[in-house]
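In this text, residue positions in the sequence shown follow the working numbering: the first is 1224, and each later residue adds one.
What follows is a single structure, written as structure tokens, with notes after it.
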Amino acid sequence: MMKNENENISWELLAKDVSGELNAEEHLKLQQELSKNPDIERQVKKLWGDAHYAQALNDIDTDGAWKNVRSQMQNNRIRHIKLLGAIAAILLIALATSVFFGLFSQQQEITITTAQSIEQVVLPDGTIVDLNFGSQLIYPESFSSDVRQVKLIGEAFFDVTRNEEKPFIIETDQLNIKVLGTSFNVKAYKNTTDSEVIVSSGKVRVNAKQADYNVILKAGDAANYSTVSNKLATRKVFTPNYKAWKTKEIEFDNTALTEVLSTIEQTYHITIEIDESLRINDKVFNGTFSQYSLEHVLDAVCTSFNLKYNKQNGTYHISAIH
């Protein structure tokens, strides 16, 4: 009977090499055995890359790895492919240990989700994020050496700590937003066709994932992306109302009443219904509110147009005063 050439390989030495426990004499012996079995040597190098790299992995369970390999070797009729599978099993143990306990521990993600509240989050670099109702922020426990990347679903205001050597990147379903240090608002709720970025200070680069171009925004600029048109459009912003949900600072300058009521809804997270008999399309409103209560703002607006409001089942109904 022809002797299986794979019996010349000391699999225990291979397992010890993976764990970095070989001494110089054992290492030489293993290299000699591999050189006599070029097919296996080629596969080992392909799977492992460089056997010496294993010496950096000091926490591998060598006994466990060896037992796993030996159990596969007990069958004398094992095929060559199963031998390669045994090698792969050892390498996977090493890879899992190095990645999970080394790299992955640094990249473990934290998820913050809001429902009916606004939450402020301080990121590992000191960046402050105000997260609006119904939003989600995902970020690593510690940022990598060359980039600070987070994921956003919903709306948030970012005040980014400046670091020119480590760009800050926000990923949404539709956009990638890159900054060095600035403050801006991002609105990118799930299952909507439009996303928006408005810059308060600094500069921001906005890239639409489905488009082949990007735009640079500076303070007072806004970008809107629509999945329907696949266009990234820019405009100027003249009021702070886009961040009123966070600041409760609202300005109206000859603003259409329909837009006024919509802004109040977004700022105070309420629903407003207007009586069908009202004709308000031609009405405009002027006023400034600084951290006033919802009731104060509604009173001021309704009084200006001889209107009234009442709350039923969580909804604010606006009608005429008779």
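Ideal Cβ positions, reconstructed from N, Cα and C, are used throughout, including at glycine.
Note that the region 1487-1506 does not touch the region 1454-1461; fewer than 3 beta-carbon pairs, one per stretch, sit closer than 8 Å. Rounded to whole angstroms, residue 1524 and residue 1508 show a C-alpha spacing of 8 Å. Taking C-beta atoms as the reference points, residue 1400 and residue 1420 count as a pair closer than 8 Å.
Counting along the chain, the unbroken alpha helix (DSSP H) around residue 1487 starts and ends at 1480-1491. By the criterion of at least three beta-carbon pairs nearer than 8 Å, the region 1332-1351 is in contact with the region 1378-1395. Our two residues, residue 1436 and residue 1248, have alpha carbons roughly 59 Å apart in a direct line. Distance check between residue 1393 and each of 1356, 1357, 1368, 1432 places 1432 closest, using alpha-carbon atoms only. In this structure, residue 1356 lies near residue 1337, with their beta-carbon atoms less than 8 Å apart.
Straight across, the Cα-Cα distance linking residue 1483 with residue 1537 is about 19 Å.
Looking only at 1411, 1534, 1481, the smallest Cα-Cα distance to residue 1505 is reached by 1481. With fewer than 16 neighbouring CB atoms inside 10 Å of its own CB, residue 1514 falls in the exposed class.
The beta carbons of residue 1424 and residue 1446 sit no closer together than 8 Å. Cβ-Cβ distances below 8 Å link residue 1467 to 1473, 1486, 1489, 1490 in the same chain, with the five nearest sequence neighbours on each side left out; the list follows chain order. In the DSSP assignment, residue 1467 falls within the alpha helix (DSSP H) that extends over 1467-1470.
In the DSSP assignment, residue 1394 falls within the beta strand (DSSP E) that extends over 1391-1394.
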